[in-house]
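Per this note's numbering, the very first residue in the sequence shown carries number 1035; after that it's consecutive.
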Amino acid sequence: MATKVFMEALSPTMEEGRLVKWLKNEGDAVKSGETLAEVETDKAIMELVARGDGVLRKRLVGENESRPVGQLLAVIAAPDENIDALIADAAPANAGGAAKPAEQVVAKTQESAGATPVPRSPAEAQGEASAPPQQKTPAAPASAPQPAAQQAPSTNGGHVRSSPLARRLASERGLDISRVQGSGPGGRIIKRDIESAGEAAVAAPLARPTMRAPSGADFEDVALTQIRKTIAKRLAESIGPIPTFYLTAEYDLSRVTEMRAAMAEMGDEFKVSVNDILLKAVATALSQHPEVNAHWLGDRIRYYNRVHLGMAVATNDGLIVPVIFDADQKRMRDISAEAKELAKRARERKLKPEEYSGSTFSISNLGMFGIDQFTAIINPPEVGILAIGTAADVVVPGPGGFTTQKRLRVTMSCDHRAVDGAVGAAFLQTLRRLIENPLMLVF
1035 MATKVFMEAL SPTMEEGRLV KWLKNEGDAV KSGETLAEVE TDKAIMELVA RGDGVLRKRL
1095 VGENESRPVG QLLAVIAAPD ENIDALIADA APANAGGAAK PAEQVVAKTQ ESAGATPVPR
1155 SPAEAQGEAS APPQQKTPAA PASAPQPAAQ QAPSTNGGHV RSSPLARRLA SERGLDISRV
1215 QGSGPGGRII KRDIESAGEA AVAAPLARPT MRAPSGADFE DVALTQIRKT IAKRLAESIG
1275 PIPTFYLTAE YDLSRVTEMR AAMAEMGDEF KVSVNDILLK AVATALSQHP EVNAHWLGDR
1335 IRYYNRVHLG MAVATNDGLI VPVIFDADQK RMRDISAEAK ELAKRARERK LKPEEYSGST
1395 FSISNLGMFG IDQFTAIINP PEVGILAIGT AADVVVPGPG GFTTQKRLRV TMSCDHRAVD
1455 GAVGAAFLQT LRRLIENPLM LVF
């Protein structure tokens, strides 16, 4: 008996998916549970598995084409089974033209050149759903060369080219030196490159998005990916309906710096970044302020007794927020390891749905970009988000005159329906106490 392959809801909020790649060709034998294709959801790239045994008789959707949840994608059946009726039933839905390839790019050349715009859709190159079995997947177009400033650090046989001093400074500051852009001869990483990364740089959770290279055309139209569609929808739901106010505070990082240096001297297993310490501090403060660790549910507010901390991760496709569950109960080095692993898989689009849903509060850190201060948009139904800027040396008055102090500025966005000004200020006061006395985080 034939088995229909549908676009499944592979994440809790998925409404449509983009078929990234077929892993089985027409005519291939298929067993239940085998992976048929890779599908881009609103958050990650997931596997679409077969729900029956047989032969993949027909693929009804091409690669890089989007379809709503519930749409028929393919048919699995016995080699001699008649599937004409199934294909006929699916044809009107597929022929409507409403669903378009999510990655279709149309380049508009100058009118004076007299050129006709040509769609560069892999799906069009592959052909319609009626293409013969064993059709070959077209090769992806070659990526345009990136500007020199965005290229990866120079390596030699897998070894990052860097000075001994740069390697030592990176080790002391908990930075992943392979992610630092070198400005020395031949792209070599030197002291100033490590220093410019900033004390508040995130070793793993954030990555610089790839810059688009100019194509020479007047403009390019790039259809939205699934994750970008979701971001747009979520932000529209947040910035309009939520009455938001903002609270900014500045913290002294002197003791955080001292503690990190002392931990680094104990060995690699104890090395943490400033961001790791901030994650732990925020989680601990949230455990003491459940009125901030909450969700707005329209007719009620849900206060959480467990802290599930979301951390914004920048990817080339958009922002995603993996979650560190029970973050207040975890040791700092455990948070550090988990944050790095989650961020790595977020950039690779390999997160599972349960790893990026369920957060009770979120943070966003742009310190590594040299941003002094910014405001972040609340991720509903959460009632707050903390935006973290860069750590900078600031001249401050002291007992014997002026001195230099490492300081960090944070801004909390608050949903005024659930969080009043005094409530948000109390939370930031607790956070100040923890950051400026970080030994409190180890008890």
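From the three backbone atoms N, C-alpha and C, an ideal C-beta is built for every residue, glycine too. In this text the structure is predicted, and so the values were computed from the model without any measurement.
Item, Value
"Take ASN1098 as the anchor and find which of PRO1046, THR1259, VAL1039 and ARG1226 has the nearest alpha-carbon.", "THR1259"
"List the DSSP bridge partners of THR1278.", "ASP1449"
"Is ILE1397 closer than 8 Å to VAL1476 when the C-beta atoms are compared?", "no"
"Rounded to whole angstroms, what is the Cα-Cα separation between GLY1423 and ILE1110?", "53 Å"
"Could you pull the start and end residues of the beta strand (DSSP E) that ARG1091 belongs to?", "1088 to 1093"
"What residue from LYS1065, THR1282 and TYR1337 has the CA that sits closest to ALA1456's CA?", "THR1282"
"Run through DSSP, which three-state label would ARG1222 get?", "coil"
"What separation, rounded to the nearest whole angstrom, lies between the Cα atoms of GLY1061 and ALA1078?", "28 Å"
"Less than 8 Å between the C-beta atoms of GLU1115 and ALA1036, yes or no?", "yes"
"Between which two residues does the beta strand (DSSP E) containing ASP1076 stretch?", "Taken as a continuous stretch (DSSP letters only), ASP1076 belongs to no beta strand (DSSP E), as it is neither H nor E."
"Could you pull the DSSP bridge partners for HIS1329 from this structure?", "ARG1336 and GLU1416"
"CB-CB under 6 Å to ALA1112, same chain, minus the five flanking residues each way: which ones, in chain order?", "GLY1088"
"How many angstroms separate the CA atom of ALA1043 from the CA atom of GLY1404?", "39 Å"
"Hey, how far is the Cα of PRO1375 from the Cα of GLU1074?", "The question names Pro, but residue 1375 is Glu in the sequence shown. Spanning the two alpha carbons is a distance of roughly 20 Å."
"For GLU1099, name the three-state secondary structure that DSSP assigns.", "strand"
"Using the Cβ count rule (16 or more neighbours within 10 Å means buried), how would you classify SER1217?", "exposed"
"In this structure, does DSSP put LYS1026 in helix, strand or coil?", "Nothing can be reported for residue 1026, as the shown portion of the chain is limited to 1035 through 1477."
"When you compare the CB of PHE1359 with every CB in chain B, is at least one pair closer than 8 Å?", "Protein chain content of the structure displayed is limited to a single chain, and chain B is not contained in it."
"Mapping the DSSP letters down to three states, classify GLU1058 as helix, strand or coil.", "Note that residue 1058 is Lys in the sequence shown, not Glu. LYS1058: coil per DSSP, three-state reduction."
"For PRO1431, which three-state DSSP category applies?", "strand"
"Relative to the C-alpha of GLU1388, which residue among HIS1329, SER1196 and VAL1357 is closest?", "VAL1357"
"Give every residue of the same chain whose Cβ lies closer than 6 Å to the Cβ of VAL1152, excluding the five residues on either side of it in the sequence, and list them in chain order.", "Note on VAL1152: pLDDT 36, under 50, position unreliable in the model; no value is reported."
"Between the Cα of ALA1467 and those of LEU1420, ARG1195 and TYR1285, spot the shortest distance and give me the residue it belongs to.", "The displayed chain sequence assigns Arg, not Ala, to residue 1467. When each option's Cα is compared against that of ARG1467, the closest is TYR1285."
"Give me the Cα-Cα distance between ALA1122 and LEU1107, rounded to the nearest whole angstrom.", "13 Å"
"Please tell me whether HIS1323 and THR1445 are closer than 8 Å, where the distance is taken between their beta carbons.", "no"
"Which stretch, first to last residue, makes up the alpha helix (DSSP H) that contains MET1293?", "1288 to 1299"
"Just mark GLY1435 as buried or exposed, buried being the case when its beta carbon has 16 or more other beta carbons within 10 Å.", "exposed"
"The beta strand (DSSP E) with ASN1399 in it runs from where to where?", "1395 to 1399"
"Between the C-alpha atoms of ASP1310 and SER1100, what's the straight-line distance to the nearest angstrom?", "38 Å"
"Excluding the 5 residues flanking TRP1056 on each side, which residues of the same chain have their C-beta closer than 8 Å to its C-beta?", "LEU1070, ALA1071, ARG1093, GLU1097 and THR1171"
"With burial defined as no fewer than 16 other Cβ atoms inside 10 Å of the residue's Cβ, what is the status of TYR1280: buried or exposed?", "exposed"
"Is there contact between the stretch 1329 to 1336 and the stretch 1411 to 1423, where contact requires at least three CB pairs shorter than 8 Å?", "yes"
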